[in-house]
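Participant: In the UniProt record's numbering, the protein residues as written are 1 to 233.
Pasting a structure below so you can have a look.
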């Protein structure tokens, strides 16, 4: 007697990649209004062709639900969010033209107690690094703390480390709301460098003529790069 599983077993190492490939292929024809990330499906709509945003959205939802029904994919109604102006996604909240950090993540970082070991500091730095795009010159600011994580570093929580710890908290707590990229707008890049780090900000001019930040990026220089002349940094 032979037995055949009707669904993929939970726990198989290739299950996530297989499922993600399936979902990506199914919704590729709808990619102008559907984005997917594993088992998350995002449907976004704008007013067009004489239809209001709501009317267009209802039409898009029908297409998505029909595709799911035909391929026996099921949604948990308790986890569905309909007609939302803002949705949570990978640690941030997305709107039609901007993105902001998840307040819960910010709260976790700000309320984190003073680290007492490299392991403790590494956990906190990991959370802060994930949100570094909201902070200008983050890499330069974090250098005193990342130095404590080096393999041969002796653990010593100095006043400089404490000041850096608080400065990063303050910087992330006052993080700006970032603009989403718009290919129809004018972009500009502002760059800067120090003896230890390089950084930049991607900016765009919005419909009201205001210059807005799309993302901050920075990293610390490698040992050899610290010897580069200023114009090469």
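Where is the CB? At the ideal position from N, CA and C, for every residue including glycine.
Which one of 194, 217, 22, 53 has the shortest CA to CA distance from residue 227?
Facilitator: Here the closest residue by C-alpha is 194.
Participant: Comparing C-alpha positions only, which one of 121, 31, 120, 181 sits nearest to residue 63?
Facilitator: When only C-alpha atoms are compared, the closest one is 31.
Participant: Quick one: is residue 189 buried, meaning 16 or more other Cβ sit within 10 Å of its Cβ, or exposed?
Facilitator: Per the 10 Å Cβ criterion, exposed.
Participant: Out of 75, 34, 76, state which residue places its alpha-carbon closest to the alpha-carbon of residue 56.
Facilitator: Out of 75, 34, 76, 34 has the C-alpha closest to the C-alpha of residue 56.
Participant: Since residue 88 is in the alpha helix (DSSP H), which residue starts that stretch and which ends it?
Facilitator: No alpha helix (DSSP H) holds residue 88; the beta strand (DSSP E) holding it covers 87-89.
Participant: Just to confirm, is the Cβ distance from residue 153 to residue 147 under 9 angstroms?
Facilitator: A contact, by the Cβ cut-off of 9 angstroms.
Participant: Evaluate the contact criterion for the stretch 177-192 versus the stretch 97-109: three or more CB pairs, one atom per stretch, below 8 angstroms.
Facilitator: Cβ pair count under 8 angstroms is three or more, so yes.
Participant: Could you give the distance in angstroms between the alpha-carbon of residue 22 and the alpha-carbon of residue 127?
Facilitator: Using only the alpha carbons, I get a separation of about 31 angstroms.
Participant: Among 217, 170, 198, 204, which one has its Cα closest to the Cα of residue 229?
Facilitator: Of the listed residues, the one whose Cα sits closest to residue 229 is 198.
Participant: What residues are listed by DSSP as bridge partners for residue 220?
Facilitator: Bridge partners of residue 220: 197.
Participant: What does a CB cutoff of less than 6 angstroms around residue 133 pick up in its chain, not counting 5 residues either side in sequence?
Facilitator: Taken in chain order, the residues that qualify are 215, 216.
Participant: Tell me which residues share the same chain as residue 171 and place their Cβ nearer than 6 angstroms to its Cβ, disregarding the 5 neighbours each side in the sequence.
Facilitator: Here the set comprises 135.
Participant: Decide if the stretch 152-167 is in contact with the stretch 113-127; the criterion is three or more beta carbon pairs, one per stretch, under 8 angstroms apart.
Facilitator: Counting Cβ pairs under 8 angstroms, three or more are found: they touch.
Participant: Using three-state DSSP, classify residue 45 as helix, strand or coil.
Facilitator: Note: residue 45 maps to coil in three-state DSSP.
Participant: Among residues of its own chain, excluding the 5 on either side of residue 206, which ones have a beta-carbon nearer than 6 angstroms to its beta-carbon?
Facilitator: Excluding sequence neighbours, residue 206 sits near 212.
Participant: Tell me whether residue 212 sits in a helix, a strand or coil according to DSSP, three-state version.
Facilitator: Here residue 212 sits in strand by DSSP.
Participant: Less than 9 angstroms between the beta carbons of residue 9 and residue 15, yes or no?
Facilitator: In contact: residue 9 and residue 15 (Cβ atoms closer than 9 angstroms).
Participant: Taking Cβ to Cβ, would you say residue 37 is nearer than 9 angstroms to residue 91?
Facilitator: No; because the gap between Cβ atoms is not below 9 angstroms, this pair is not in contact.
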